[in-house]
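Before any comments, here is the structure.
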Amino acid sequence: MKILAFDSSSKALAIAVTEDGKLLGEIRLNLKKNHSTTLMTSIDFLLAQMDMEGSDIDRIAVAKGPGSYTGLRLAVTVAKTLAWSMDKELVGMSSLFAIAGGLKTDGLVVPVIDARRGNAYAGLYDGANALMPDQHCKFSDFLAELKEAYPDQKLVFTGETAGFKADILEAGFEDDQIITDSEAVLPSAYALARLAETAEVVDNIHAFAPDYLKKVEAEEKWLEAHDKQDPNEAQDYVQRL
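Be aware that the sequence shown starts at 1, since it is given in full-length UniProt numbering, and climbs by one per residue.
The structure is reproduced here in structure tokens:
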């Protein structure tokens, strides 16, 4: 099975093609660029280097969130378009697993995406197994929860941890538990592709949507202004793509 996997949920862009679990090619860009100008051109370039076309792909795997709203919408839209137009299978994967899955360690992995203002998207993984659900959280509270729930476990923090180093140390973790290597902290599309081989395929491509885990800021302000406590009630007024 040939799988095309990609992730544009954070600053980094990751794309990979595998065949029966073997990595055929991979692109990772760690640049502050608009992924809308690089995602499709990078996919086309990667396939061309392997003398492949989109029709040669059997399954498409996309990081569906959490992360950047713009990056998630882009990746999911591209994945849906490719899957529908070429009649290919589609699999949605966790963006946090894309960060955790590429790390080689004997500890539990805490992947982090900075959500600003002391908040983060974070999870806890043991290999491909999520031990805690991916969540949007006040990161200091999340750290306290980790410390209480896993006091004797080796935890490794990776991803966008630079802005949270002081919080991690203050919570009682050690400096050597924070991955700082610029390559190791990047998302791995190869990890997505490997897991996608056995993942559940999306039944309804048209209904497939990103997992934002958090309302967009404009939606939050609208809800506050209209005093709606139940986010489901807002669906009559705010359409999320």
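Where is the CB? At the ideal position from N, CA and C, for every residue including glycine. Computed from a predicted structure; not experimentally measured.
My assumption, with CB atoms under 8 Å, is that residue i sits in contact with residue j. Please give the rounded CB distance.
i	j	result
Leu4	Ile57	5 Å
Ile60	Ala83	5 Å
Leu13	Leu39	7 Å
Ile15	Ala189	5 Å
Leu124	Leu146	7 Å
Asp211	Pro66	6 Å
Ser95	Asp7	6 Å
Thr158	Ile99	6 Å
For residue i, does the count of other Cβ atoms within 10 angstroms reach 16, so buried, or fall short, so exposed?
i	result
Ser42	buried
Ala218	Below a pLDDT of 50, predicted positions are generally treated as unreliable, and Ala218, at 45, falls in that range; the measurement from the model is reported next regardless. It is exposed - the Cβ of Ala218 has fewer than 16 other Cβ atoms within 10 Å.
Ser68	buried
Thr180	exposed
Pro151	exposed
Pro133	exposed
Met50	exposed
Which one or two residues does DSSP pair with residue i in a beta bridge?
i	result
Leu192	Leu192 is not bridged to any residue.
Ile3	Thr18, Arg59
Arg28	Ala14
Leu23	Thr18
Could you give the first and the last residue of the continuous beta strand (DSSP E) run that contains residue i?
i	result
His136	129 to 138
Val78	No beta strand (DSSP E) holds Val78; the alpha helix (DSSP H) holding it covers 69 to 86.
Phe157	155 to 159
Asp126	119 to 126
Where do the ends of the alpha helix (DSSP H) carrying residue i lie?
i	result
Ala166	165 to 170
Leu47	35 to 49
Worksheet item: What beta strand (DSSP E) runs, 3 residues minimum, are completely inside the stretch 83 to 113?
Response: Annotation note: the stretch 83 to 113 contains the following uninterrupted beta strand (DSSP E) runs of length 3 or greater, listed N- to C-terminal: 89 to 93.
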